[in-house]
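*Asks:* Numbering (our numbering), first residue to last: 684 to 1581.
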Amino acid sequence: MRKKFIYFFIFSGLLFSIMFFTACAQKKEAVDHYKHKVLRENWKLQIADKIQKPDGAIISTQDFNTDNWLNAVVPGTVMGSLVANGIIENPYFGINLKKVDKDQFKKTWWYRTSFNLTQEDLNKTITLRFKGINYRANLWINGKKIADKDVFAGAFNMFTFKINDYVTVGTNVLAIELSQPVDGEYSIGFVDWNPQPPDRSMGIFRDVVLEINDGIKIRSPFVQAKVDKKNLNAASLIIRSELENNTGKDISGIIKIDFEIGSIEKKVTIPAGATLSCIFTPDEFPQLNVKNVKLWWPNGMGEPVLYKLKARFVKNNNVVDAVSDKYGIREIKSYLDKNKNRVFKVNGKFILIKGGGWVDDLLLQDTKESIEAQIKYVKHMGLNSIRLEGFWGKDQTLYNMCDQYGILIMVGWSCHWEWEEYLGKKTHSKYMAYNNQEDINLLTKYWKNQLLWLRNHPSIYVWMLGSDKLPAPELEKNYVILFNNYDNSRPYVTSAGGVGSEQAVIGEDVLVSDISGPTGMKMLGPYAYTPPIYWFTNTNLGGAYGFNTETCPGPNISPLASLKKMLPKEYLWPIDKEYWEYHCGRNAFQTLDRYRKAMNARYGKSKSVEEFAFKSQLMNYELMRPMFEAFIANKPKSTGLIQWMLNSAWPEMYWQLYDSYLQPNGAFYAVKKSNNDLHLIYAYGKNEIYLSNNTLENALGLKAIIRAYDIHSKEIFHQEWLGNINANSSKLIHTLTKIKKLTDVWFLDLRLFNQSGKELDNGFYWLSTKPDVLDYAAADTMAWAYYTPSKSYADFSELNKLPKTELLYKYDFKKEGDYGLVTLNIKNPSDNIAFFIYLDIVDAEYEQPVLPIFWSDNYISLLPKEEKSYTARFLLKNYDKKPKVRIKGWNIDPLLLE
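Structural data, given as structure tokens:
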């Protein structure tokens, strides 16, 4: 018995030892043998002229005194730091931006910071990673020059410097002498959307990262999928990752990938000083054939499901490096339809692209909070895409948010590089970087860096190689090689124009690539005032056919509260050129003349800024809604629409659905209305009613009620329709014949109900018996036909005959989690239509708008005796008290509810 006990004791001890050492080994592998520190704090900034000895060998030493230096914002721009320090007065107000001295930015500016290292760190490989500088710099560490401006240059290049020979235990000082881009250099670019920043966006505009490891760095892990399009619950995955060896010897180890629904690993050897593209395929790893998974879908088609991804490189049971990310399982396909227009499919389903043009803040001051609010706005409006004319973003926040909220991104180069006015050197009429090998080499490097940086984002559905022109053939060939090597999961398109380019609207050349053929996209405008009838009737320019990559019905004036924020009180009225038009676009778009002429003819002249701002919301709504509705009604003949633009880089009057204060305008809610899941549409110029289904489910047992009212609020027409509609489609359901007893201005009310009588959709149109008439002949004589002028305008002056109406209100407020929720019930007890009512949430103390704000509907109209409820949500961290509700309407007296 004693012997058995001894044997048991020995066995238990051995078992314990095995378990202990196994646990130790596992624990050892779990210990991070790498560091990854983003250097965002303790940066200092100074212009070279104010430094006694602007020598990097001195500035990058510990004894150098920076007491008179400014605190720098990194990532950011030089001017952004000057604004943050109060050196430059709010450049977004009035004409302050115009007053900023540009010459100061033609000098070099110095950035300086420090970081600490241990002896253990020095035994590893230490690198500095610069993800974006604009534009060129000299780099110094501890009194030694690491890189020269001839090499350390290029806004969209990323740089990795091995710094082991220049660092020491303890404090290490980093100094950067930075110069702005000069004419002819390919930098960050704003075009005619807003003024050029006085500093040309010079700065360290993306992160600087200190990387410490045992020689291997994992970069750009990427999951691509081939989806089971029949069952939509399975896929075959391919996983890629770049393994960078920053040492002088070969390194062998194991690359391990955990993709949440499985894990894989394999042994690899990375040659000295090289980067290995590591690929895992289903042929090699059957577990990459995944089943019972959830796909990533764009907004309106399903949920944008994301899975966790972690890549680790293990050597001798040590984790040398690890990278975590998220990915989505989705498949993008694109082709040209029978009309040679570009079509996109997501997971095998046709998608009508509906989006807006994104731009970063003028001083690159966007925050995670501001970006998330804007992407939530995009989703709230029912849009499914944004277009980036440029690789925007100080980091990947924008792309992460689009992944999270299901917003597709069209990303690629800006027209900033295609026109001499913006690039600053002679350009080719058809090609970007034509016959210039240095430029071709630079842009190829740019693209490789940006592609690898962003390729894992499921939200990116197309790479745009150009905007207004094509890449030079040799450059396109280089891009194709990059796609074949690093990302063949999504299509590329050579230009945002092409279809109809023989009409020479944007340029003089026909945009067809000799390598990849037609683009299938059009860029034919319009960009200035355009009446509703255009979108349904135009068939050769910007009308509702094909894929329109940038178009709009003209300026979008902000509501009054925003105008008061951007303009001095004494310049709010009358409208002038010095202040008002400085906050417009550039060139042909630095004016409100076309817009004001149309407003005056259609709605009458305004006598105050209050009247003008409110009428502008009426115009914003009236002009924007038919643009989106026409493309929705015409799908699949229409395949894509990008409103130019979604947002603004600074406070302005042009091309925006919400402004830089995050204040939605009338166009915002017009877009939201257009994108209802099931939606009734009035086709201007055709007198037709369409029903659209923007979901992937058939809709059965529907009832549409079509009613017309005269200016006296009397019903003069009533028609009903019963029927069904297939998923993801639109169809004509009724043609309006001549309606008797029409007044000069009349109203069309459209309602849609389900089988239970629940209202699913409503739309309210104000129409004139005097039609808008376009002057296409005048457009033909324009040097640049960026819009079609009007021969005559609709007349809505009779709206002023609407009698004043008094409404009844019930207002409730409560807190739900992180949000404040306002519920507003409005009843119209009168016999008159209550027309175009604006609902505004304001803080109780200063009565300023609470933003961002998410109304269920806005700029609404109520029929006689009608009662409706509306809700609004806002973040409590922005305002945590009960707000007031300000109400203003065309024919109701302004009111403030408490």
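The beta carbon of each residue, even a glycine, is placed where N, CA and C say it ideally should be.
Predicted model, so just to flag it, every value in this text is computed and none were measured.
1) For my contact list, E1072 and S1150 are in at a C-beta cut-off of 8 Å; report their separation, rounded to the angstrom.
2) Between R1269, K1280, N1270, G1237, which has its C-alpha nearest I1258's C-alpha?
3) Please name the residue in T1471, N1000, Y1448 whose C-alpha comes closest to that of L1545.
4) Would DSSP call E948 helix, strand or coil?
5) Determine, using beta-carbon pairs with one atom in the region 1347 to 1355 and one in the region 1528 to 1547, whether at least three such pairs fall under 8 Å.
6) Whether or not the region 1320 to 1328 and the region 1224 to 1244 are in contact is what I'm after, with contact meaning three or more pairs of Cβ atoms, one per stretch, closer than 8 Å; do they touch?
7) Under 7 Å Cβ to Cβ from S1289, same chain only, skipping five residues before and after it: list those, please.
8) Ends of the alpha helix (DSSP H) at H1063?
9) Compare the beta carbon distance of D882 and F788 with 7 Å and say whether it is the shorter of the two.
10) Could you tell me which residues DSSP pairs with F798 in its beta bridges?
11) Give every residue of the same chain whose Cβ lies closer than 7 Å to the Cβ of V766, excluding the five residues on either side of it in the sequence, and list them in chain order.
12) Could you tell me whether any non-hydrogen atom of the ligand NAD is closer than 6 Å to the CB of W1256?
13) Measure the C-alpha to C-alpha separation of V852 and E803 and round it to an integer number of angstroms.
14) Can you give the Cα-Cα distance for Q1339 and S862, rounded to whole angstroms?
15) For K953 versus I895, is the C-beta distance shorter than 7 Å?
16) Let me check understanding here. Comparing Cα to Cα, which of S1097, F1166, W1467 lies closest to F1272?
17) Does the Cβ of S1396 have 16 or more other Cβ atoms within 10 Å, making it buried, or fewer, making it exposed?
18) Run through the region 1378 to 1449 for me and flag every whole beta strand (DSSP E) of 3 or more residues, listed as ranges in chain order.
19) Going by DSSP, what residue range makes up the alpha helix (DSSP H) through Y1494?
20) Is the beta carbon of I829 sitting closer than 7 Å to the one on F839?
21) For the beta strand (DSSP E) containing V1163, list its first residue and its last residue.
22) For N1376, I'd like the list of residues in its chain whose CB is within less than 8 Å of its CB, leaving aside the five on either flank, ordered along the chain.
23) Can you list, in chain order, the residues of its chain with a C-beta nearer than 8 Å to that of K1023? Leave out the 5 residues immediately preceding and following it.
24) To the nearest angstrom, how far is the alpha carbon of L1490 from that of M1307?
25) For the alpha helix (DSSP H) holding G739, just list the boundary residues, first then last.
26) If you draw a straight line from the alpha carbon of D732 to that of N1119, how long is it in whole angstroms?
27) When you compare the region 1100 to 1107 with the region 1044 to 1063, are there three or more beta-carbon pairs, one atom per stretch, that lie closer than 8 Å?
28) May I have a chain-ordered list of the alpha helix (DSSP H) segments no shorter than 4 residues that lie completely inside the region 1066 to 1132?
29) Could you say which of E986, C1098, T1050, D1078 lies nearest to R1070 if we only look at CA atoms?
30) Which ranges does the alpha helix (DSSP H) cover as unbroken runs of at least 4 residues, wholly within the region 1171 to 1221, from first to last along the chain?
31) Is the number of C-beta pairs between the region 1122 to 1136 and the region 1156 to 1169 that are closer than 8 Å three or more?
32) Spatial neighbours of N817 within its chain, please: CB distance less than 7 Å, with the 5 preceding and 5 following residues excluded, ordered by chain position.
33) Would you mind reading off the limits of the beta strand (DSSP E) that contains E1233?
34) By the DSSP assignment, the alpha helix (DSSP H) with L765 in it spans what residues?
35) Give me the Cα-Cα distance between K1009 and M1093, rounded to the nearest whole angstrom.
36) Buried or exposed: V1456, going by 16 or more other Cβ atoms within 10 Å of its Cβ?
*Replies:* According to the structure shown:
1) What you label residue 1072 is simply residue 389 of the sequence shown in a count that begins at 1. What you label residue 1150 is simply residue 467 of the sequence shown in a count that begins at 1. Confirmed, about 6 Å.
2) For the purposes of this step, residue 1258 is identified with residue 575 of the sequence shown, where counting begins at 1. Checked all of R1269, K1280, N1270, G1237; the closest Cα to I1258 is K1280.
3) Here residue 1545 refers to the residue found at position 862 when the sequence shown is read from its first residue. Closest by alpha carbon: Y1448.
4) Counting from one through the sequence shown, the residue named residue 948 turns up at place 265. If DSSP states are grouped into helix, strand and coil, E948 belongs with the strands.
5) With the cut-off at 8 Å, the region 1347 to 1355 and the region 1528 to 1547 touch.
6) Two segments are said to touch when three or more pairs of C-beta atoms, one from each, lie closer than 8 Å; by this definition the region 1224 to 1244 touches the region 1320 to 1328.
7) For the purposes of this step, residue 1289 is identified with residue 606 of the sequence shown, where counting begins at 1. Around S1289: F1295, K1298.
8) To locate residue 1063, count along the sequence shown from 1; it is residue 380. Element bounds for H1063: 1051 to 1063.
9) Within the sequence shown, numbered from 1, the residue matching residue 882 stands at position 199. Within the sequence shown, numbered from 1, the residue matching residue 788 stands at position 105. Yes. Within cutoff.
10) The residue labelled residue 798 in the question sits at position 115 within the sequence shown. Under DSSP, F798 shares a beta bridge with N855.
11) For this step, residue 766 is matched to residue 83 along the sequence shown. The residues are P774, L1046.
12) In the structure shown, the ligand NAD is absent, as is every other ligand, since no ligand is present at all.
13) Translated into positions along the sequence shown, residue 852 becomes position 169. Translated into positions along the sequence shown, residue 803 becomes position 120. Computed Cα separation, rounded: 9 Å.
14) Here residue 1339 refers to the residue found at position 656 of the sequence shown. Here residue 862 refers to the residue found at position 179 of the sequence shown. Looking at the two C-alpha atoms, the distance is approximately 32 Å.
15) For the purposes of this step, residue 953 is taken as the residue at position 270 of the sequence shown. For the purposes of this step, residue 895 is taken as the residue at position 212 of the sequence shown. Contrary to the premise, residue 953 reads as Ile rather than Lys in this sequence. Cβ distance not < 7 Å, so I953 and I895 don't count as in contact.
16) Indexing the sequence shown from 1 puts residue 1272 at position 589. The shortest Cα separation from F1272 among S1097, F1166, W1467 belongs to W1467.
17) As a first step, residue 1396 must be located in the sequence shown, where it is residue number 713. Counting Cβ neighbours within 10 Å, S1396 comes out buried, since at least 16 surround it.
18) 1382 to 1392, 1398 to 1408, 1412 to 1418, 1428 to 1436
19) Here residue 1494 is taken as the residue at index 811 of the sequence shown, counted from 1. Boundaries for Y1494: no alpha helix (DSSP H) harbours it, while the beta strand (DSSP E) harbouring it runs 1491 to 1499, taken from the DSSP string.
20) On the sequence shown, residue 829 is found 146 positions in, with the first residue counted as 1. On the sequence shown, residue 839 is found 156 positions in, with the first residue counted as 1. Not closer than 7 Å, so no.
21) Your numbering for residue 1163 matches position 480 in the sequence shown. That residue, V1163, is in no beta strand (DSSP E); its alpha helix (DSSP H) goes 1156 to 1169.
22) Counted from its first residue, the sequence shown places residue 1376 at position 693. Result list for N1376: D1360, L1361, A1382, I1408, N1409, A1410, N1411, S1412, S1413, in chain order.
23) If you number the sequence shown from 1, residue 1023 lands on position 340. Correct list, in chain order: V1182, P1201, G1203.
24) The count along the sequence shown starts at 1 and reaches residue 1490 at position 807. The count along the sequence shown starts at 1 and reaches residue 1307 at position 624. When only Cα atoms are considered, L1490 and M1307 end up about 28 Å apart.
25) The residue labelled residue 739 in the question sits at position 56 within the sequence shown. Bounds of the alpha helix (DSSP H) holding G739 are 739 to 742.
26) Start at 1 with the first residue of the sequence shown, and residue 732 comes out as number 49. Start at 1 with the first residue of the sequence shown, and residue 1119 comes out as number 436. Cα-Cα distance, rounded: 36 Å.
27) no
28) 1080 to 1088, 1103 to 1106
29) The residue given as residue 1070 occupies position 387 in the sequence shown. Considering only alpha carbons, the answer is C1098.
30) 1216 to 1220
31) Yes, since at least three Cβ pairs between the region 1122 to 1136 and the region 1156 to 1169 fall closer than 8 Å, the two stretches touch.
32) Here residue 817 corresponds to residue number 134 of the sequence shown, with the count starting at 1. A838, P864, S870, I871, S884, M885, G886, F888, listed in sequence order.
33) Counted from its first residue, the sequence shown places residue 1233 at position 550. Run containing E1233: 1229 to 1234, per the beta strand (DSSP E) assignment.
34) Counting from one through the sequence shown, the residue named residue 765 turns up at place 82. Segment 761 to 767, the alpha helix (DSSP H) holding L765.
35) Reading the sequence shown from its first residue, position 326 is the one you call residue 1009. Reading the sequence shown from its first residue, position 410 is the one you call residue 1093. Approximately 20 Å between the Cα atoms of the pair.
36) Translated into positions along the sequence shown, residue 1456 becomes position 773. Label assigned to V1456: exposed.
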